[in-house]
Structure formats: C-alpha cells, structure tokens
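*Asks:* Following this message is one structure expressed as structure tokens.
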Amino acid sequence: MRKFAQLTVLAALACVVLIFSVLLLVNVFSTSSEPKTNAQHTPSQQFTQKEFIQKIAPTAEKIAEKYGLYASVMIAQATLESNSGNSELASTPNYNLFGMKGSYRGNSVRYPTQEDDGKGNMRTINANFRQYPSYEESMKDYAKLLQKGTSWNKEIYHKTFVKNSKSYKEATAALTGRYATDSKYNHKLNQLIKDYKLSKYDTK
Numbered sequence: 000m001r002k003f004a005q006l007t008v009l010a011a012l013a014c015v016v017l018i019f020s021v022l023l024l025v026n027v028f029s030t031s032s033e034p035k036t037n038a039q040h041t042p043s044q045q046f047t048q049k050e051f052i053q054k055i056a057p058t059a060e061k062i063a064e065k066y067g068l069y070a071s072v073m074i075a076q077a078t079l080e081s082n083s084g085n086s087e088l089a090s091t092p093n094y095n096l097f098g099m100k101g102s103y104r105g106n107s108v109r110y111p112t113q114e115d116d117g118k119g120n121m122r123t124i125n126a127n128f129r130q131y132p133s134y135e136e137s138m139k140d141y142a143k144l145l146q147k148g149t150s151w152n153k154e155i156y157h158k159t160f161v162k163n164s165k166s167y168k169e170a171t172a173a174l175t176g177r178y179a180t181d182s183k184y185n186h187k188l189n190q191l192i193k194d195y196k197l198s199k200y201d202t203k
C-alpha cells in the first residue's frame, strides 16, 4: 500500500513536470513567432527648421520653376504647415507637407485640425487629409492646386504666381484668407522667408 502511494506521488509529479514543460515550449515558440514590432515602429526622423529646409529646397526650387511659383513661399509654407516635417501628417506614411485636405489617388487619413474662424478665434474640427507617397508628390500636388484653383474660383490663387505679383510678399498675402484661414498667415510665412533667406531659391 505504501509502495502504491509512492508510485501515485511520483506519477503526479511526472504529470506536473510534463505539463510545465509543454507550457514552456508553447511560450518559447509563440514568442519567437511574434513580429518584431520595435523595427516596424521606428519613430520618424525629427528635423530642425534648417535641416528640413535644406532637405526640401532643391525639389521645391525645381517644381516652383516649372509652375512659375515662388520657391521661397513653397518652402516657407511646407515648413509652417508641417512643423518642419515633424507633424504626424507630414511624417511617414503620409508625407502631407501643406495640410491639404481630401484624398490623393484614393488615399487619405483623418486628423483633428485647428482652424481660424476669420476673426482670430481658433476651433478644432476633424477632417480628411491627403496621403502621399513622397514629399515630392506633395509639392507637385500643391503646385497643381495653385494652378487650377478651386471648383468655385479658378483664379483664387492667381497672385501666387511670379508673373502675377511683384514679390513673394504679394504671393503670401494672396494665400492669407484663401489657402489658410489664419489671419496672420502671410506674416508667419514672410518671417520664415526672411529668417532663412529663402528668396535665394526664387527664379531670377
């Protein structure tokens, strides 16, 4: 009887060891098969204003020359709208530098945004924003928007073009209250252009 009891205890211990071993193996295999999330969620590079401007300036200069726009204004707008490329909207995989709403080739992303009511009062709304494959596509789409205007006013951005304005300051004034509802939009753009001497990128 005593021997039978010992065998029962040993059998129970063996079962416990077996169950523990199986659970350990399951845990090892399930852990090894999990995706490496750290590699997939690497934060986007953070730019200083100077770094961001240097990064986009050559492309902006090329596109602005092709469409007859002020590269200085394009660069300043991209810098202001995207927080120097550091906003979530401007980062991978969105690349939306100008806060352009709607969709691009069927791709969009929804974010809350601050809007000026035209009297200097800010309010938060949710909106769909265009999602691009690259900075360059974002800048090209911006240039096309200025060229085509809006569905209700084809000439709304008429004065943003070099041939229709005397200086970049006229172009930034033409954007205020039209492209952006911020009543101080042109002053912010002009300050960036002055601080970083962006007019050197404009076609002479």
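Read the sequence shown against numbering that gives the first Met the number 0 and you will find it ends at 203, with the numbers running on by one and no gaps.
Ideal placement from N, C-alpha and C gives every residue a C-beta, glycine not left out.
The model shown is predicted, which means the values in this text are computed figures rather than measured ones.
Would you call the stretch 122-135 and the stretch 194-201 touching, i.e. three or more CB-CB distances under 8 Å?
*Replies:* The stretch 122-135 vs the stretch 194-201: no contact.
*Asks:* Round the Cβ separation of S71 and F46 to the nearest angstrom and send it over; I've been treating them as touching at under 8 Å.
*Replies:* Numbered from its first residue, the sequence shown carries residue 71 at position 72. Numbered from its first residue, the sequence shown carries residue 46 at position 47. Not a contact, Cβ separation roughly 18 Å.
*Asks:* Should V80 go down as buried or exposed, given a rule of 16 or more other Cβ atoms within 10 Å for buried?
*Replies:* In the sequence shown, the residue the question calls residue 80 occupies position 81. Reading off the sequence shown, one finds Glu at residue 80, where the question assumed Val. E80 should be labelled buried.
*Asks:* Quick check on the DSSP output: the alpha helix (DSSP H) that includes S107 runs from which residue to which?
*Replies:* Locating residue 107 in the sequence shown gives position 108, where the first residue counts as 1. It is not in any alpha helix (DSSP H) - S107 instead sits in the beta strand (DSSP E) that spans 107-115.
*Asks:* Cutting at 8 Å between CB atoms, please list the residues of its own chain near E136, excluding the five before and the five after it.
*Replies:* To locate residue 136, count along the sequence shown from 1; it is residue 137. If we look at E136 and ignore the five residues flanking it on each side, its Cβ neighbours are Y94, Y103.
*Asks:* Would you check if the distance between the CB atom of A63 and the CB atom of A142 is smaller than 9 Å?
*Replies:* By 1-based counting over the sequence shown, the position of residue 63 is 64. By 1-based counting over the sequence shown, the position of residue 142 is 143. Cβ distance < 9 Å, so A63 and A142 count as in contact.
*Asks:* Whose CA, out of G101, M99, V108, lies closest to the CA of P92?
*Replies:* On the sequence shown, residue 92 is found 93 positions in, with the first residue counted as 1. Closest by alpha carbon: V108.
*Asks:* Using a Cβ-Cβ cut-off of 7 Å (strictly less than) and excluding sequence neighbours within five positions of I52, which residues of its own chain qualify?
*Replies:* Counted from its first residue, the sequence shown places residue 52 at position 53. I74, T78, Y195, listed in sequence order.
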